[in-house]
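**Student:**
Numbering (mature numbering (1 follows the signal peptide of the UniProt record, and there is no 0)), first residue to last: -24 to -1, 1 to 301.
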């Protein structure tokens, strides 16, 4: 039987752990800041607000969506990386912020790989190449042929330099062997507006925001950058069907937290987000928006996912020569 002294020493040794356990158990003790690196109405913003609305009653706290769209998403990334690691500040982490920016900023304002950790995956969404509804190109192959016949005369719009839509446009030009004038905008909706006004020829937009424009008849989709056609747009061919084999690209939305956030809090965020996004109604809704929900991931699996994405896309981004705006 342990002596009284041994029991006392064991109790004293456990004391430093008590506050950490209590903090994790008490989480959340205040509203959650959900930081989004896109303007209101953008892909990540739309998805973030859907998820936030479903999460609030489960968490028992308000979730305040905060849009910080400056500096190719780096402003939002920095804000969360430098926040208190108590689980009350979340980042909607996308391919632009967590992957592309590593290749675009020199020096990096913050070491993204070390400053943040994955908590949960939400969804994936491909890009769609769109033109004005009355553009003469019949399909993707015809569009590429016309672009090759008039080098530099087609204007390819996008969101800010280095964001997913910009990189997809540059990658497309390389793969298609065509030369475009690339015109990044502060927000992607401005590029879409200028397609309607005839000042921009085409752009890649994320399906979440592209499909409503296509359904409204304002623009026409020439191809989607997914491996298979979207259930939400079954008549829209893939880029591979249009002649660009293996052209699969897009973005994804995840939840990232400051790296020092306690494992117990990260696990609770993971469980709550998975519960919401894996629910049949949410999966269906995100599918209607032009994306899909992958199988639930653990925090470690989210980090592994991001690591693989970096290995795949950082060389591609560097090859485009793009720099952050």
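Note that CB positions come from ideal geometry on N, CA and C, so glycine has one too.
In angstroms, rounded to a whole number, what distance separates the CA positions of residue 58 and residue 217?
**Tutor:** The residue given as residue 58 occupies position 82 in the chain shown. The residue given as residue 217 occupies position 241 in the chain shown. One C-alpha to the other measures close to 44 angstroms.
**Student:** Taking one C-beta from the stretch 228 to 247 and one from the stretch 64 to 77 each time, how about it: are there three or more such pairs within less than 8 angstroms?
**Tutor:** As far as the Cβ criterion goes, the stretch 228 to 247 touches the stretch 64 to 77, which means the pair count is three or higher.
**Student:** On the CB-based measure, 16 or more other CB atoms within 10 Å of its CB, does residue 24 come out buried or exposed?
**Tutor:** The residue you call residue 24 lines up with position 48 of the chain shown. The residue in question, residue 24, is buried, as its Cβ has 16 or more Cβ neighbours within 10 Å.
**Student:** Starting from the C-beta of residue 295, find all residues in its chain whose C-beta is less than 8 angstroms away, skip the five residues before and the five after it, and write them out in chain order.
**Tutor:** Numbered from 1 along the chain shown, position 319 holds the residue referred to as residue 295. Hits under 8 angstroms: 150.
**Student:** For residue 206, which three-state DSSP category applies?
**Tutor:** Mapped onto the chain shown, residue 206 falls at position 230. DSSP places residue 206 in strand when its eight states are reduced to three.
**Student:** Suppose contacts are defined by Cβ-Cβ distances below 7 angstroms. Is residue 215 in contact with residue 199 by that definition?
**Tutor:** Working through the chain shown from its first residue, we reach residue 215 at position 239. Working through the chain shown from its first residue, we reach residue 199 at position 223. In this structure, residue 199 lies closer than 7 angstroms to residue 215 by Cβ.
**Student:** Could I get the ranges of all uninterrupted beta strand (DSSP E) runs contained in the stretch 84 to 117, with 3 residues as the minimum, in chain order?
**Tutor:** With a minimum length of 3 residues, the continuous beta strand (DSSP E) runs that stay inside the stretch 84 to 117 are 92 to 108.
**Student:** Where residue 18 and residue 125 are concerned, what is the direct C-alpha to C-alpha distance, given to the nearest angstrom?
**Tutor:** On the chain shown, position 42 is the one that residue 18 refers to. On the chain shown, position 149 is the one that residue 125 refers to. Each residue's Cα considered, the two are about 33 angstroms apart.
**Student:** So, using beta-carbon positions, are residue 103 and residue 180 closer together than 7 angstroms?
**Tutor:** The residue given as residue 103 occupies position 127 in the chain shown. The residue given as residue 180 occupies position 204 in the chain shown. Contact flag set, yes.
**Student:** Find the nearest neighbour of residue 289 within the set 89, 38, 78, judged by alpha-carbon distance.
**Tutor:** Locating residue 289 in the chain shown gives position 313, where the first residue counts as 1. Here the closest residue by C-alpha is 78.
**Student:** According to the Cβ coordinates, are residue 163 and residue 133 closer than 7 angstroms?
**Tutor:** Taking the chain shown and counting its residues from 1, one reaches residue 163 at position 187. Taking the chain shown and counting its residues from 1, one reaches residue 133 at position 157. No, they are not a contact pair.
**Student:** On the CB-based measure, 16 or more other CB atoms within 10 Å of its CB, does residue 287 come out buried or exposed?
**Tutor:** Working through the chain shown from its first residue, we reach residue 287 at position 311. Exposed, by the Cβ-count rule.
**Student:** Given residue 91, which residues of its chain have a CB within under 6 angstroms of its CB, disregarding the five upstream and five downstream residues?
**Tutor:** Counting from one through the chain shown, the residue named residue 91 turns up at place 115. Result list for residue 91: 57, 235, in chain order.
**Student:** In whole angstroms, what separates the C-alpha of residue 203 from that of residue 22?
**Tutor:** For the purposes of this step, residue 203 is taken as residue 227 along the chain shown, with counting starting at 1. For the purposes of this step, residue 22 is taken as residue 46 along the chain shown, with counting starting at 1. Answer to the nearest angstrom: the Cα atoms are 23 angstroms apart.
**Student:** In terms of residue numbering, what span does the alpha helix (DSSP H) encompassing residue 148 cover?
**Tutor:** For the purposes of this step, residue 148 is identified with residue 172 of the chain shown, where counting begins at 1. Where residue 148 is concerned, the enclosing alpha helix (DSSP H) stretches over 140 to 152.
**Student:** Mind checking whether residue 201 and residue 226 have CB atoms under 7 angstroms apart?
**Tutor:** For the purposes of this step, residue 201 is taken as the residue at position 225 of the chain shown. For the purposes of this step, residue 226 is taken as the residue at position 250 of the chain shown. The answer is yes: Cβ separation under 7 angstroms.
**Student:** Could you check whether residue 281 and residue 100 sit closer than 7 angstroms to each other, using their CB atoms as the reference points?
**Tutor:** Working through the chain shown from its first residue, we reach residue 100 at position 124. Working through the chain shown from its first residue, we reach residue 281 at position 305. Contact: no.
**Student:** Residue 40 and residue 7: beta carbons closer than 7 angstroms?
**Tutor:** Along the chain shown, read from residue 1 onward, the residue named residue 40 stands at position 64. Along the chain shown, read from residue 1 onward, the residue named residue 7 stands at position 31. Contact: yes.
**Student:** Taking the alpha helix (DSSP H) that residue 183 belongs to, which residues open and close that run?
**Tutor:** Within the chain shown, numbered from 1, the residue matching residue 183 stands at position 207. Unbroken alpha helix (DSSP H) run through residue 183: 183 to 191.
**Student:** Return helix, strand or coil for residue 25, following the three-state DSSP convention.
**Tutor:** Stepping through the chain shown from its first residue, residue 25 is reached at position 49. Residue 25 falls in the helix class under three-state DSSP.
**Student:** Taking 6 angstroms as the limit between beta carbons, can you name the residues of its chain near residue 185, skipping five residues before and five after?
**Tutor:** Position 209 of the chain shown, counted from the start, is the residue given in the question as residue 185. Correct list, in chain order: 19.
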